[in-house]
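Taken in sequence, the protein lines are chains H, U and V.
Per the working numbering, the first sequence starts with residue 9, numbered consecutively.
Per the working numbering, the second sequence starts with residue 9, numbered consecutively.
Per the working numbering, the third sequence starts with residue 9, numbered consecutively.
Where is the CB? At the ideal position from N, CA and C, for every residue including glycine.
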Amino acid sequence: MDETGTRARQADAGDQLLHVVVDAETIQTTVALVDALVDECHLYFDEDGIRIPAMDPATVAAVNLTLGRSAFEAYETEDAHIGVDLSRLGDIVGMADRGQLLSFTLDSETRKLEIRIGELTYALALLDPGTVRSPPEATDVEFEFTGSVVTESGELSRAVKAADMVSNHVTLGIDEERDSFYAEATGDTDDVSLAVPADELVDFSPGDAHSLFSIDYLRAIDRAMPKTPEVNLELGIDIPLAVRYPFADGAGSVEYLVSPRIAAN
Amino acid sequence: MDETGTRARQADAGDQLLHVVVDAETIQTTVALVDALVDECHLYFDEDGIRIPAMDPATVAAVNLTLGRSAFEAYETEDAHIGVDLSRLGDIVGMADRGQLLSFTLDSETRKLEIRIGELTYALALLDPGTVRSPPEATDVEFEFTGSVVTESGELSRAVKAADMVSNHVTLGIDEERDSFYAEATGDTDDVSLAVPADELVDFSPGDAHSLFSIDYLRAIDRAMPKTPEVNLELGIDIPLAVRYPFADGAGSVEYLVSPRIAAN
Amino acid sequence: MDETGTRARQADAGDQLLHVVVDAETIQTTVALVDALVDECHLYFDEDGIRIPAMDPATVAAVNLTLGRSAFEAYETEDAHIGVDLSRLGDIVGMADRGQLLSFTLDSETRKLEIRIGELTYALALLDPGTVRSPPEATDVEFEFTGSVVTESGELSRAVKAADMVSNHVTLGIDEERDSFYAEATGDTDDVSLAVPADELVDFSPGDAHSLFSIDYLRAIDRAMPKTPEVNLELGIDIPLAVRYPFADGAGSVEYLVSPRIAAN
Numbered sequence: 009m010d011e012t013g014t015r016a017r018q019a020d021a022g023d024q025l026l027h028v029v030v031d032a033e034t035i036q037t038t039v040a041l042v043d044a045l046v047d048e049c050h051l052y053f054d055e056d057g058i059r060i061p062a063m064d065p066a067t068v069a070a071v072n073l074t075l076g077r078s079a080f081e082a083y084e085t086e087d088a089h090i091g092v093d094l095s096r097l098g099d100i101v102g103m104a105d106r107g108q109l110l111s112f113t114l115d116s117e118t119r120k121l122e123i124r125i126g127e128l129t130y131a132l133a134l135l136d137p138g139t140v141r142s143p144p145e146a147t148d149v150e151f152e153f154t155g156s157v158v159t160e161s162g163e164l165s166r167a168v169k170a171a172d173m174v175s176n177h178v179t180l181g182i183d184e185e186r187d188s189f190y191a192e193a194t195g196d197t198d199d200v201s202l203a204v205p206a207d208e209l210v211d212f213s214p215g216d217a218h219s220l221f222s223i224d225y226l227r228a229i230d231r232a233m234p235k236t237p238e239v240n241l242e243l244g245i246d247i248p249l250a251v252r253y254p255f256a257d258g259a260g261s262v263e264y265l266v267s268p269r270i271a272a273n
Numbered sequence: 009m010d011e012t013g014t015r016a017r018q019a020d021a022g023d024q025l026l027h028v029v030v031d032a033e034t035i036q037t038t039v040a041l042v043d044a045l046v047d048e049c050h051l052y053f054d055e056d057g058i059r060i061p062a063m064d065p066a067t068v069a070a071v072n073l074t075l076g077r078s079a080f081e082a083y084e085t086e087d088a089h090i091g092v093d094l095s096r097l098g099d100i101v102g103m104a105d106r107g108q109l110l111s112f113t114l115d116s117e118t119r120k121l122e123i124r125i126g127e128l129t130y131a132l133a134l135l136d137p138g139t140v141r142s143p144p145e146a147t148d149v150e151f152e153f154t155g156s157v158v159t160e161s162g163e164l165s166r167a168v169k170a171a172d173m174v175s176n177h178v179t180l181g182i183d184e185e186r187d188s189f190y191a192e193a194t195g196d197t198d199d200v201s202l203a204v205p206a207d208e209l210v211d212f213s214p215g216d217a218h219s220l221f222s223i224d225y226l227r228a229i230d231r232a233m234p235k236t237p238e239v240n241l242e243l244g245i246d247i248p249l250a251v252r253y254p255f256a257d258g259a260g261s262v263e264y265l266v267s268p269r270i271a272a273n
Numbered sequence: 009m010d011e012t013g014t015r016a017r018q019a020d021a022g023d024q025l026l027h028v029v030v031d032a033e034t035i036q037t038t039v040a041l042v043d044a045l046v047d048e049c050h051l052y053f054d055e056d057g058i059r060i061p062a063m064d065p066a067t068v069a070a071v072n073l074t075l076g077r078s079a080f081e082a083y084e085t086e087d088a089h090i091g092v093d094l095s096r097l098g099d100i101v102g103m104a105d106r107g108q109l110l111s112f113t114l115d116s117e118t119r120k121l122e123i124r125i126g127e128l129t130y131a132l133a134l135l136d137p138g139t140v141r142s143p144p145e146a147t148d149v150e151f152e153f154t155g156s157v158v159t160e161s162g163e164l165s166r167a168v169k170a171a172d173m174v175s176n177h178v179t180l181g182i183d184e185e186r187d188s189f190y191a192e193a194t195g196d197t198d199d200v201s202l203a204v205p206a207d208e209l210v211d212f213s214p215g216d217a218h219s220l221f222s223i224d225y226l227r228a229i230d231r232a233m234p235k236t237p238e239v240n241l242e243l244g245i246d247i248p249l250a251v252r253y254p255f256a257d258g259a260g261s262v263e264y265l266v267s268p269r270i271a272a273n
């Protein structure tokens with residue numbers, strides 16, 4: 009099989025709206041990042057690359073993922089918008105070995121997405137986008153973030169795991185006085201607190217901020233994270249948390265928005 | 009412990025019908041290959057080596073494994089025929105570390121198989137061969153294979169995994185016109201197809217062939233396969249599939265015969 | 009974060025009875041060794057280091073672990089005695105990465121143990137020592153060990169795993185005539201026996217010994233063992249078994265005492 013893994017198939021596809029080739033690790037990461045929140049999603053293709061916006065069933069967390077065309081080995085598409093069973097897609101792309109290339113071709117006659125790995129073709133039936141939950145248009149302008157932090161992902165990961173041991177909720181915030189980013193969770197007997205001072209942060213735009221979040225969503229986001237050295241957080245007072253980081257050598261970008269919980273009492 | 013791991017035991021064994029020594033990886037692979045189909049089996053020892061014929065309880069698939077005496081560090085036996093609890097044998101040999109040698113001695117008085125790993129001896133009670141299912145004499149002359157293929161095991165493995173995602177059955181065949189080996193499975197919404205052209209096959213004797221198989225057996229056979237680069241398949245029209253490949257650096261050979269399903273409608 | 013990981017916290021702690029810093033692997037091993045028998049335990053701190061004595065709920069097995077101050081990166085403490093939920097402590101220290109340092113500070117005001125990993129602080133509520141089971145004062149003088157063995161841990165480990173396949177009990181002993189250390193277990197159909205002759209033992213003080221033990225405890229002790237090359241056993245006739253070995257490059261020492269079962273009939 010040659011590098012693009014497509015060969016004779018191109019001639020057979022009829023009207024091709026879409027034909028892209030990408031390496032296994034990139035597509036596996038892409039699927040995992042969205043799968044953290046949803047089982048099915050919209051995929052938008054245009055000349056710049058792909059975009060995947062999604063919102064979890066409880067409408068607490070949203071994700072917006074973009075993967076620029078530079079991440080692809082081949083990228084030929086007209087604008088396209090499809091609905092996908094993400095769990096099924098994850099099982100399929102999970103079969104590829106490290107370093108293998110996968111090709112995706114949309115067969116406009118059958119309305120199936122033909123996924124090719126080696127000499128294997130999996131024709132995945134698509135979902136009618138009208139039936140897949142659509143997140144509201146996500147624009148950051150709506151949220152008045154007061155502070156921004158870039159921290160080592162390991163610190164945040166450990167804070168979320170530890171908070172999960174004592175509580176269902178965690179407060180994330182910025183302490184302007186102490187010039188630090190913090191996370192706090194209180195349990196019946198135990199407490200967890202993270203306090204990362206400015207000189208330990210990769211980047212820091214301090215501003216008073218604190219909001220309470222359900223830990224389940226932060227754990228899901230943390231579990232899906234690839235070996236990312238740093239993660240960017242934007243916070244405010246009782247407003248959503250934005251979690252952003254690049255992947256696929258910078259060609260991809262993921263942003264999660266997690267709504268805060270209204271603190272009881 | 010010296011390399012053979014047997015020392016004083018040999019003097020104690022009484023009438024030895026059988027005494028062989030083999031490395032952990034070889035015996036662990038041997039057991040796994042047969043365990044894919046059955047929980048108990050016959051073992052035949054003669055001057056050439058061992059032979060293990062078995063048939064699964066549903067009499068759909070059969071395996072015939074041979075391991076030549078060259079695979080053994082020591083091989084002293086008269087002709088012998090024993091019945092073994094394969095699950096138990098697997099647990100025992102699984103305790104040996106990579107590179108360790110195991111010695112097997114048949115104690116004719118106790119009718120137990122003494123398995124030695126290091127300074128540990130496990131005396132395994134044997135099964136009366138008369139109570140263990142015996143496969144019919146398997147001779148390939150019965151089947152009119154029309155085609156033969158040697159393909160990279162990764163391609164077949166992925167095809168079986170993918171087919172398992174959409175259906176209980178998969179059709180394997182040779183397309184004489186397109187000069188290729190193929191696998192196809194159809195589900196409610198999704199389809200899977202593998203098409204390996206002649207120039208991608210390690211070896212190819214084309215001839216029209218197609219049969220439908222239950223995926224469960226192919227998955228079991230695939231899971232038991234060690235890191236084998238290539239696998240030989242023999243097919244025909246609505247006749248069993250033969251899957252063959254060597255192991256233990258060529259000293260071992262395994263052949264599975266999987267009966268076809270009669271296609272409904 | 010500097011090496012000790014403590015910085016500003018020291019100033020905040022109020023009356024510090026205790027402040028120690030230790031690497032992840034050492035504390036994770038320490039917790040695992042005691043967790044093999046109990047869910048909660050006493051920790052004693054003095055100028056020499058820490059001591060953890062514990063007895064399992066069924067009062068069959070006891071452990072006495074010591075970890076000298078040389079195992080710590082920093083060790084500042086007055087004599088202290090605290091009660092700890094060991095399962096919870098295991099989850100906490102399990103979050104540290106290989107090579108990371110953890111600091112433990114006892115906050116005398118809150119009576120919580122503040123555990124610091126990176127910039128994360130977990131305040132663990134302690135248990136009232138009066139409510140935690142206390143093992144009787146363990147002194148070896150009470151037991152008349154007749155023999156002592158130092159064997160490769162792999163041999164003992166395999167013997168325990170194998171015995172567990174055939175029986176709930178295993179006899180450990182020393183055969184003075186054959187000058188060997190042995191283990192034997194008898195099942196309904198299968199038998200297991202280990203026989204390590206003197207020249208295969210790292211050290212050997214022979215003396216007639218044999219006792220019957222419940223395998224569950226030996227399995228738990230075996231599972232908790234780090235990559236220890238050798239283990240020291242002391243045995244007698246129908247008296248407890250002592251299992252001892254060093255860890256943390258010799259700074260730590262663990263001893264288990266497992267009571268024998270009175271053989272039925």
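query, result
"DSSP three-state call for GLY258 (chain U): helix, strand or coil?", "coil"
"Determine the DSSP secondary structure at ASP207 (chain V), reduced to helix, strand or coil.", "helix"
"Classify VAL178 (chain H) as buried or exposed, calling it buried when 16 or more other Cβ atoms lie within 10 Å of its own Cβ.", "buried"
"Counting only Cβ pairs nearer than 7 Å, list the residues of chain V close to SER201 (chain H).", "THR129"
"Starting from MET173 (chain U), trace the alpha helix (DSSP H) both ways and give me its first and last residue.", "161-174"
"Report yes or no: is there a C-beta of chain V within less than 8 Å of the C-beta of LYS235 (chain H)?", "no"
"When you check each C-beta in the stretch 60-89 of chain U against every C-beta of chain H, which residues fall closer than 9 Å?", "none"
"Strictly under 8 Å for the Cβ-Cβ distance: is ASP230 (chain H) near chain V by that measure?", "no"
"Just the chain V side, please: which residues come within less than 8 Å of ASP2 (chain H) by C-beta, in chain order?", "Only positions 9 to 273 of chain H appear in this structure, which leaves residue 2 (chain H) out of reach."
"So ILE223 (chain V) is in the beta strand (DSSP E); what residue range does that whole segment cover?", "Not the beta strand (DSSP E): ILE223 (chain V) falls in the alpha helix (DSSP H), residues 223-232."
"With three or more C-beta pairs closer than 8 Å as the rule, is the stretch 150-163 of chain H touching the stretch 208-219 of chain H?", "yes"
"Let me know if PRO143 (chain V) comes out buried or exposed under the rule of 16 or more other beta-carbons within 10 Å of its beta-carbon.", "buried"
"Are ALA170 (chain H) and SER188 (chain H) touching if we call contact CB-CB under 8 Å?", "no"
"Taking the alpha helix (DSSP H) that SER95 (chain U) falls in, what are its first and last residues?", "94-101"
"Check the C-beta distance from CYS49 (chain U) over to ALA62 (chain U) and give it rounded, since I have them as a contact under 8 Å.", "4 Å"
"From V:LEU164, V:SER95 and V:GLU145, pick the residue whose C-alpha is nearest to that of LEU5 (chain V); which is it?", "Any property of residue 5 (chain V) remains undetermined from this structure, which presents chain V solely from 9 to 273."
"Does the separation of the CB atoms of GLY91 (chain V) and LEU135 (chain V) fall below 8 Å?", "yes"
"Measuring CB to CB, does PHE53 (chain H) end up less than 8 Å from THR74 (chain H)?", "no"
"Taking VAL39 (chain H) as part of the alpha helix (DSSP H), name the residues at either end of that continuous run.", "32-43"
"Among the residues of its own chain, which have a CB less than 8 Å from the CB of GLY195 (chain H), if the five just before and after it don't count?", "MET173, VAL174 and SER175"
"With a CB to CB cut of under 8 Å and the five nearest residues on each side skipped, what residues in its chain are close to GLU152 (chain H)?", "GLY244 and ILE247"
"Could you give the C-beta distance for LEU180 (chain U) and LEU249 (chain U), rounded to a whole number, given that I count them as a contact under 8 Å?", "6 Å"
"Pull up the distance between the alpha-carbon of VAL68 (chain H) and that of ILE223 (chain H), whole angstroms please.", "12 Å"
"Alpha carbon to alpha carbon, how far is ASP47 (chain V) from MET233 (chain H)?", "33 Å"
"Please report the Cβ distance between TYR253 (chain U) and GLU238 (chain U), rounded to the nearest whole angstrom; I am assuming they are in contact, meaning their Cβ atoms lie under 8 Å.", "7 Å"
"Who are the near neighbours of PRO268 (chain U) in its chain, counting only those whose CB is closer than 8 Å to its CB and skipping five residues on each side?", "SER219, LEU220, PHE221, ASP246, ILE247, PRO248 and LEU249"
"Please state the DSSP three-state secondary structure of GLY138 (chain H).", "helix"
"What are the boundary residues of the beta strand (DSSP E) that ALA66 (chain V) is part of?", "That residue, ALA66 (chain V), is in no beta strand (DSSP E); it is neither H nor E in DSSP."
"Excluding the 5 residues flanking VAL262 (chain U) on each side, which residues of the same chain have their C-beta closer than 6 Å to its C-beta?", "LEU41 and LEU73"
"Just to make sure I have the definition right: I need the residues of chain V whose C-beta is within less than 7 Å of the C-beta of VAL30 (chain H). Which are they?", "Residues of chain V passing the Cβ test: none, with the nearest at roughly 31 Å."
"Quick one: grab the DSSP three-state call for GLU145 (chain U).", "coil"
"Measuring straight from C-alpha to C-alpha, what distance separates GLY260 (chain V) and ALA79 (chain V)?", "7 Å"
"With which residues is GLY76 (chain V) paired in a DSSP beta bridge?", "V:GLY57"
"Pop quiz: VAL29 (chain V) and SER116 (chain V) are said to be a contact at Cβ under 8 Å. What is the actual Cβ separation, rounded to whole angstroms?", "Not really, about 18 Å apart at Cβ, beyond 8 Å."
"Give a yes or no on whether 8 Å exceeds the smallest Cβ distance from ASP47 (chain U) to chain V.", "no"
"Kindly list, in the order they appear in chain V, the residues whose Cβ is closer than 9 Å to that of GLU163 (chain H).", "GLY126, GLU127 and LEU128"
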